[in-house]
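Structure, as structure tokens:
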Amino acid sequence: MAVNRNFRVCPSTGLSYHEPAEKLMRWNAVAAVVSLLVGGVLAVLIVLTRWQAVHLLPPDWFYLLLTAHGLDMLVFWIIFFEIAVLYFCASTLLRCRLAAPNWAWAGFWLMIVGALVNNVAVFRGDSSVMFTSYVPMGAHPAFYLGLILFAVGALIACFVFLGTLAVAKSEKTYHGSVPLVTFGAITAAIIAIFTIASGAIILIPTFLWSVGLIGHIDSLMYRTVWWAFGHSSQQINVAAHVSVWYAIAAIVFGAKPMSEKVSRTAFLLYILFLQLASAHHLLADPGLTSHWKIFNTSYAMYLAVLASMVHGLTVPGAIEVAQRQKGYNKGLFEWLRKAPWGNPSFSAMFISLIGFGFLGGISGVMMGTEQLNLIIHNTIYVPGHFHATVVIGTTLAFMGLTYFLIPTLFRRELMFPGMAKWQPYVFGLGMAGFSLFMMGAGTLGVPRRHWDITFAGNPLAYDGWAGGTAWLMIAAMAICGLLATVGGAMYLLITVGSVFLGKRIATPDFAYVKARDGVAPTMKPVEVAFEAHGSNIGTAGFVAPGTFVLALVFLLSFVLYYFVNWKYLSTVWPLS
Amino acid sequence: MSAISPPTQRVWWKQPLDRVEGMWIVIAFVWCLVMFFMMPYWHVFGKQNLANEAYRTTPEAFTAKTQAMVDKYTVRVETDQKIPVVRPPAGSDVYLIARLWAWWPMLELEEGKTYRLHLASLDYLHGFSLQPENINIQVHPNYDHVVTLTPTRAGTYGIVCNEYCGINHATMVSRLYVVKSK
Numbered sequence: 001m002a003v004n005r006n007f008r009v010c011p012s013t014g015l016s017y018h019e020p021a022e023k024l025m026r027w028n029a030v031a032a033v034v035s036l037l038v039g040g041v042l043a044v045l046i047v048l049t050r051w052q053a054v055h056l057l058p059p060d061w062f063y064l065l066l067t068a069h070g071l072d073m074l075v076f077w078i079i080f081f082e083i084a085v086l087y088f089c090a091s092t093l094l095r096c097r098l099a100a101p102n103w104a105w106a107g108f109w110l111m112i113v114g115a116l117v118n119n120v121a122v123f124r125g126d127s128s129v130m131f132t133s134y135v136p137m138g139a140h141p142a143f144y145l146g147l148i149l150f151a152v153g154a155l156i157a158c159f160v161f162l163g164t165l166a167v168a169k170s171e172k173t174y175h176g177s178v179p180l181v182t183f184g185a186i187t188a189a190i191i192a193i194f195t196i197a198s199g200a201i202i203l204i205p206t207f208l209w210s211v212g213l214i215g216h217i218d219s220l221m222y223r224t225v226w227w228a229f230g231h232s233s234q235q236i237n238v239a240a241h242v243s244v245w246y247a248i249a250a251i252v253f254g255a256k257p258m259s260e261k262v263s264r265t266a267f268l269l270y271i272l273f274l275q276l277a278s279a280h281h282l283l284a285d286p287g288l289t290s291h292w293k294i295f296n297t298s299y300a301m302y303l304a305v306l307a308s309m310v311h312g313l314t315v316p317g318a319i320e321v322a323q324r325q326k327g328y329n330k331g332l333f334e335w336l337r338k339a340p341w342g343n344p345s346f347s348a349m350f351i352s353l354i355g356f357g358f359l360g361g362i363s364g365v366m367m368g369t370e371q372l373n374l375i376i377h378n379t380i381y382v383p384g385h386f387h388a389t390v391v392i393g394t395t396l397a398f399m400g401l402t403y404f405l406i407p408t409l410f411r412r413e414l415m416f417p418g419m420a421k422w423q424p425y426v427f428g429l430g431m432a433g434f435s436l437f438m439m440g441a442g443t444l445g446v447p448r449r450h451w452d453i454t455f456a457g458n459p460l461a462y463d464g465w466a467g468g469t470a471w472l473m474i475a476a477m478a479i480c481g482l483l484a485t486v487g488g489a490m491y492l493l494i495t496v497g498s499v500f501l502g503k504r505i506a507t508p509d510f511a512y513v514k515a516r517d518g519v520a521p522t523m524k525p526v527e528v529a530f531e532a533h534g535s536n537i538g539t540a541g542f543v544a545p546g547t548f549v550l551a552l553v554f555l556l557s558f559v560l561y562y563f564v565n566w567k568y569l570s571t572v573w574p575l576s
Numbered sequence: 577m578s579a580i581s582p583p584t585q586r587v588w589w590k591q592p593l594d595r596v597e598g599m600w601i602v603i604a605f606v607w608c609l610v611m612f613f614m615m616p617y618w619h620v621f622g623k624q625n626l627a628n629e630a631y632r633t634t635p636e637a638f639t640a641k642t643q644a645m646v647d648k649y650t651v652r653v654e655t656d657q658k659i660p661v662v663r664p665p666a667g668s669d670v671y672l673i674a675r676l677w678a679w680w681p682m683l684e685l686e687e688g689k690t691y692r693l694h695l696a697s698l699d700y701l702h703g704f705s706l707q708p709e710n711i712n713i714q715v716h717p718n719y720d721h722v723v724t725l726t727p728t729r730a731g732t733y734g735i736v737c738n739e740y741c742g743i744n745h746a747t748m749v750s751r752l753y754v755v756k757s758k
């Protein structure tokens, strides 16, 4: 069998794309963006319902659309995009042919079918069980079947990714170790395989239960195993978007990791400890001991949190070093002031980093603390937290990467470049406000996934929220949420416009050759010259003093917020 | 040359740590240890902890226990649905049923007294959310979760369901009365 080794070298970036891999990346990215579009439309309707002054939809539609929004965004948008990122990190960065493209297509179509089957089940109206589908509340069997098919497809894609690494190694398309970004992608893929295995362990029995072949599924067992899938899937995102941060820093600034050892060890800590975080969801559950809760939710003494704090320093640190070497070496923050704030790839990446750390990271650790969880569990604080991690963190990072991929992968010029300049700010700031106000309302006890916090018509209605501070918080949340969806619409307009109508960018001297017409030799690795670390930059022996100061500001906010919550906890009724 | 290319230094793991990174790792790790030890510390010195006390139960058994308490200690009924308001003695076992889409019965507790509150669901998962105190606990079917609690302030509290439990989830709300002890 002939092996397709058609490569195209992008004239502006120098990256080489293997033809079948390129096509797969494009299709996965398009499927992702379509999911984002659907999820985004749902987001508007959901926000307009939770905004009590508007209260748009009846409850059945609200819960239905909330279920679909969760799945289309958290699963389909993000995973499709991540598969494209995996192929990019393996095939493009290692200048290697993609292993088994036919399997990759089989995986892709399984994912498409799975996503469609799941969406149809939800929109039929009898599967409004939320993203979490806790038993004994049951959905239509097609709901679980769709998720299982999608997961099998994603699993195939993970193995194609790993196969590509093996091909690159055996065909010697690179020297030494894989790039850091690829290393991060390997982390994501390993976590993804763990995640999908957990998903299979819980969703297959649940599917059999939904068709009547299994009599009973214990609700605590379900939650324990389901979250090994549900939370771990978010850890894939963390590993993936941290890789994207490093990639964008490298692309925009030519930034070199401050130390390969530190960054790689931090990724390794993710593999070892991040999955334990799924226990966060079970802190207010009966039947699990405090020892179990403390060990797991601390990710074994917060070693995974440490990893994120390390990445949070090394990514901007690498940018700072690169900028200082270019001559922006004055004071603490000249490197940051002179950063290309009009480049949407950079601004998206930087807002993603700050939002993920300050809003998502701090809130996540706080509510994942065994006792503090009592004042947070299942309140709207929880979606406030994960919109900061998954939307500002992951989605915005992926948006930043898209602006880079449109010219190099889709070979189209970016349409509406003026709008693209503003898009990360509109989306990022809208989402930041949305998350913050959600957290504010959650601190006041407002529940998540709730259609009406006035309990209209109920004689026992709790009246602590209607018209009060919580009320204002929810209204402010809705306005910020709408602003964020405007930012999302700008992204969709730019992306879809560019991909379908943008001006084509021609690649000189490139013509497709069918695999059977000739097999090209393996790509030769690029020799890179050794560069010494710049030694006369920075101040007081620190190469990145500005980043260090920013990190200390972060730490200070973290410590303050953490102890403020302990103070708050100490005022509630004693429990034991 | 950058994070998207293989490391230029083949033996990258021998490159010495930069001072910025080294210091940050130490500071961050110390902070991680502080956060870790806060949890055991609060178990010993703090007052707000969930006990590890839970039992397997069945809807029938839990309903029977709740009914026995209601029969013994009901002081009045409220609303058109005649929901009993129960005032059990301090220190006793009190039961609260979560079901689609109501809490049953209503409890009236004394300020400053300690009670063993048993929580269980008869059907789906529910969420016990005591407002405005903001204490939130997951309620499972077939698990009897015992929470020992001491109301500290008299007043009327709301019990909201904050785990999505179906179409009428948003109507699942009840009250808890805390009265001054005589």
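From first to last, the protein sequence lines stand for chains G and U.
Throughout the first sequence, residue numbering follows this note's numbering, covering 1 to 576 in sequence.
Throughout the second sequence, residue numbering follows this note's numbering, covering 577 to 758 in sequence.
Built from N, CA and C at the ideal position, the CB exists for glycine as well.
Residue range of the unbroken beta strand (DSSP E) whose run includes residue i
i                           : result
glutamine 707 of chain U    : 702-707
tryptophan 471 of chain G   : From DSSP, tryptophan 471 of chain G is part of no beta strand (DSSP E) but of the alpha helix (DSSP H) over 469-501.
aspartate 669 of chain U    : 669-675
methionine 682 of chain U   : 682-686
arginine 632 of chain U     : 630-632
phenylalanine 76 of chain G : Unbroken run through phenylalanine 76 of chain G: none, as it is neither H nor E.
phenylalanine 7 of chain G  : 7-9
First through last residue of the alpha helix (DSSP H) which encompasses residue i
i                        : result
arginine 26 of chain G   : 19-50
valine 610 of chain U    : 595-621
threonine 402 of chain G : 396-408
valine 135 of chain G    : No alpha helix (DSSP H) contains valine 135 of chain G, which DSSP labels as neither H nor E.
serine 290 of chain G    : 290-297
alanine 637 of chain U   : 635-649
glutamine 423 of chain G : 417-443
threonine 547 of chain G : 545-570
Cβ-based burial, residue i [other Cβ within 10 Å; buried from 16]
i                            : result
proline 459 of chain G       : exposed
leucine 472 of chain G       : exposed
alanine 532 of chain G       : Bear in mind that the predicted position of alanine 532 of chain G carries a pLDDT of just 49, short of 50, making it too unreliable to give a figure here.
tyrosine 700 of chain U      : buried
isoleucine 112 of chain G    : buried
leucine 752 of chain U       : buried
methionine 438 of chain G    : buried
methionine 645 of chain U    : buried
glutamine 657 of chain U     : exposed
leucine 677 of chain U       : Looking at the sequence provided, one finds tryptophan at residue 677 of chain U rather than leucine. Result: buried.
phenylalanine 530 of chain G : Any reading at phenylalanine 530 of chain G must be qualified, since the residue scores a pLDDT of 47, below 50, and its modelled position is unreliable; the value itself is stated next. Phenylalanine 530 of chain G should be labelled exposed.
Residue nearest to residue i in terms of C-alpha spacing, selected from the options
i                         : options                                : result
leucine 86 of chain G     : G:Asn237, G:Phe194, G:Val564           : G:Asn237
valine 769 of chain U     : G:Phe194, G:Phe350, G:Pro383, G:Gly457 : Since the first residue shown for chain U is 577 and the last is 758, residue 769 of chain U is missing from the structure and cannot be characterised.
threonine 726 of chain U  : U:Tyr649, U:Tyr740, U:Pro616, U:Glu687 : U:Glu687
valine 653 of chain U     : U:Ala627, U:Pro681, U:Phe613           : U:Pro681
isoleucine 494 of chain G : G:Thr507, G:Phe404, G:Met477, G:Leu555 : G:Phe404
glycine 368 of chain G    : G:Ile392, G:Thr297, G:Leu409, G:Ser345 : G:Thr297
lysine 261 of chain G     : U:Asn625, U:Asp594, U:Val661           : U:Asp594
methionine 490 of chain G : G:Gly467, G:Tyr17, G:Leu37             : G:Leu37
leucine 303 of chain G    : G:Phe267, G:Tyr328, G:Leu332, G:Gly327 : G:Phe267
proline 508 of chain G    : G:Ser12, G:Ala200, G:Arg5, G:Asn4      : G:Ser12
arginine 412 of chain G   : G:Asn378, G:Ser498, G:Ser363, G:Val3   : G:Ser498
histidine 281 of chain G  : U:Tyr719, U:Glu739, U:Trp589, U:Val755 : U:Glu739
valine 596 of chain U     : G:Trp422, G:Val559, G:His311, G:Phe80  : G:His311
glycine 287 of chain G    : U:Val754, U:Lys648, U:Ala696, U:Leu683 : U:Ala696
Below 8 angstroms, how does it come out for the segment 422-434 of chain G and the segment 349-363 of chain G: are there three or more Cβ pairs, yes or no?
Short answer: they touch.
Counting beta carbon pairs with one atom in the segment 270-277 of chain G and one in the segment 230-238 of chain G, are three or more of them shorter than 8 angstroms?
The segment 230-238 of chain G makes contact with the segment 270-277 of chain G; the number of CB pairs closer than 8 angstroms reaches 3 or more.
Contact between the segment 691-703 of chain U and the segment 658-678 of chain U (3+ Cβ pairs under 8 angstroms):
Contact holds between the segment 691-703 of chain U and the segment 658-678 of chain U, because three or more Cβ pairs, one in each stretch, are under 8 angstroms apart.
Between the segment 535-551 of chain G and the segment 133-151 of chain G, do three or more beta carbon pairs fall short of 8 angstroms?
Verdict: no, contact absent.
Every unbroken alpha helix (DSSP H) inside the segment 167-250 of chain G [4 residues or more]:
Runs of alpha helix (DSSP H) with 4 or more residues, each lying fully within the segment 167-250 of chain G, are found at 180-210, listed in chain order.
If you pair each beta-carbon of the segment 480-500 of chain G with each one of the segment 429-443 of chain G, do three or more pairs fall below 8 angstroms?
Enough Cβ pairs lie closer than 8 angstroms, so yes.
Determine, using beta-carbon pairs with one atom in the segment 263-272 of chain G and one in the segment 305-319 of chain G, whether at least three such pairs fall under 8 angstroms.
These segments touch.
Under 8 angstroms: do the segment 623-642 of chain U and the segment 442-451 of chain G share three or more Cβ pairs, one atom per stretch?
Counting Cβ pairs under 8 angstroms, fewer than three are found: no touch.
Are three or more beta carbon pairs between the segment 123-140 of chain G and the segment 52-71 of chain G nearer than 8 angstroms?
Contact between the segment 123-140 of chain G and the segment 52-71 of chain G is present, because at least three Cβ pairs lie under 8 angstroms.
Closer than 8 angstroms is the cut-off here; do at least three beta carbon pairs connect the segment 704-718 of chain U with the segment 361-379 of chain G?
Contact between the segment 704-718 of chain U and the segment 361-379 of chain G is present, because at least three Cβ pairs lie under 8 angstroms.
Is it a yes or a no for the segment 235-255 of chain G touching the segment 556-574 of chain G, going by three-plus beta-carbon pairs under 8 angstroms?
Short answer: they don't touch.
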